[in-house]
Amino acid sequence: MTSNALNVINAGPEHAAVIVDIIHRSFGARPVLDPPTTALDETVESVAETLRTAGGLLVERRGLPMGAMLFDESRPGQLGLRRVCVDPDIQARGVASAMVGVAEDTAEERGKDGIWLDVREELPDTVQFWSRRLYEPVGRDGAFIEFGKTLWLAREVPTPEEMQALATRLAPLLRAGDLLVLSGDLGAGKTTFTQGLGEALGVRGPITSPTFVLARTHPSLVGGTPLVHVDAYRLGHLGEIDDLDLDSTTDSAVTVVEWGDGMAEQLSDSWLHLRIEVRGPRPVDPLGTPHDGEVGDVPDEVDPRVVTIKPHGPRWVGVPLRSTLLGSSGHDS
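The sequence shown begins at 37 in my numbering and counts up one residue at a time.
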């Protein structure tokens, strides 16, 4: 894989000598820390064993090694990053960013839900690097801050029933305080999704388009979490969402905001953004949902839907979104 003339290689044991040299030079050039880094204890043998069992990356430009990282497969569903290092003479050439992008692709290819790594708190530039790439601090262990990121996903949804089934899969991952921001064109399937979610949560219905009542609370019928269903379509500015007084229910309910992109995010430091896109029609094997209301008659030929789900904030770090929602579907990414 290449990025800005960089060649990012899936490294194997044959690259161990080159990688250990980069590790030693990179970590050796950093400030002396207490406790000291263990990276300088790495040997060709230890790196080769890690590459053999978990893998890693090596970055080259015109055949010259410029950076490397090792992978860690010790946590189910998560890919760990270790010994992330760049040649100290070329720190500002996009090497680390290129590696991170390929590492995220690797995690996706391996069927992982997310990525984790430990960062020394005494290195503010390193902390800022990962924060800018939307990695969230989720824990501390001595001088180390653990950062994590849950990968986004997209999947094709062939029918209205499968749109509701997708919501049913998501429901067990939700808890009071969670915020879902739904976007997409009129008729894309936002309310159809919310109907499936409400049924899975066991709340009182019916759930219909909230066009004329901007916010409805659907209490639980099973002693669980209520659902607050909001329509932000007619809201003109950020202040108007405050007028709905959602703060009074946000912590105790699952809140779904249709048309909330760019406004509803202020309600929480963590949210799921679900974008439902209508794709071109397929004449064979009809796909999609015709409207945002109740599931009804579907034309012989309708447009397919693709649902993209992007997690934001610390709440979603470590949550198995991809493995839960993609399952065995053949239309996943």
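Each residue gets a CB set at the ideal place from its N, CA and C atoms; glycine is no exception.
Those residues which DSSP pairs with residue i across a bridge
i	result
residue 134	In the DSSP output, where bridge partners are listed per residue, residue 134 has none listed.
residue 77	None, per the DSSP bridge assignment.
residue 114	150
residue 45	94
residue 155	181
residue 216	292 and 308
residue 345	189 and 310
residue 175	182
residue 107	117
residue 253	264
residue 353	The partner list for residue 353 (beta bridge, DSSP) is empty, contrary to what the question assumes.
residue 239	256
residue 122	103
CB-CB length for residue i against residue j, believed under 8 Å
i	j	result
residue 356	residue 149	5 Å
residue 290	residue 230	Actually they are not in contact, since the Cβ atoms of residue 290 and residue 230 sit about 10 Å apart, beyond 8 Å.
residue 87	residue 44	The pair is not a contact, with the Cβ atoms about 15 Å apart (cut-off 8 Å).
residue 126	residue 220	Not confirmed; about 43 Å, so no contact.
residue 213	residue 285	No, residue 213 and residue 285 are not in contact; Cβ-Cβ is about 10 Å, not under 8 Å.
residue 179	residue 71	7 Å
residue 251	residue 282	7 Å
Cβ-based neighbour list, residue i, same chain, cut-off 7 Å, excluding 5 preceding and 5 following
i	result
residue 53	80
residue 255	239, 240 and 262
residue 116	107, 108, 110, 152 and 153
residue 131	42, 95, 102, 103 and 122
residue 170	185
residue 161	none
residue 166	155 and 183
residue 76	60, 63 and 64
residue 84	49 and 52
residue 144	187
Other residues of its chain near residue i: CB distance less than 6 Å, five sequence neighbours each side excluded
i	result
residue 302	none
residue 73	63
residue 294	218, 226 and 267
residue 300	217 and 293
residue 235	none
residue 204	232 and 236
residue 224	312 and 314
residue 333	Since pLDDT at residue 333 reaches only 37, below the 50 mark, its modelled position is unreliable, and no value is offered.
residue 68	none
residue 215	291, 303, 304 and 307
residue 288	212
Other residues of its chain near residue i: CB distance less than 8 Å, five sequence neighbours each side excluded
i	result
residue 209	355, 356, 357 and 360
residue 352	186, 306 and 308
residue 105	92, 93, 117, 118, 119, 120, 121, 135 and 139
residue 202	191, 193, 229, 232, 343 and 361
residue 47	55, 87, 91, 92, 93, 94 and 104
residue 38	For residue 38, the pLDDT reaches just 45, beneath the cut-off of 50, and the residue's location in the model is therefore unreliable, although a value from the coordinates is still provided. So the list reads 44, once near-sequence residues are dropped.
residue 176	157 and 182
residue 78	56, 59, 60 and 119
residue 172	183, 184, 185, 349, 350 and 353
residue 363	205
residue 89	109
residue 99	none
Margin query: Check whether the region 250-265 and the region 179-192 touch, using three or more Cβ-Cβ pairs below 8 Å as the test.
Written below: No, they do not touch.
Note to self: If we require 4 or more residues per run, which alpha helix (DSSP H) segments fall completely within the region 49-102?
What the structure shows: As far as the region 49-102 is concerned, its whole alpha helix (DSSP H) runs of at least 4 residues are 52-64 and 80-89.
Next item on the list: Assess, as a yes-or-no matter, whether the region 294-313 is touched by the region 342-353 under the definition of 3 or more beta carbon pairs within less than 8 Å.
Entry: As far as the Cβ criterion goes, the region 342-353 touches the region 294-313, which means the pair count is three or higher.
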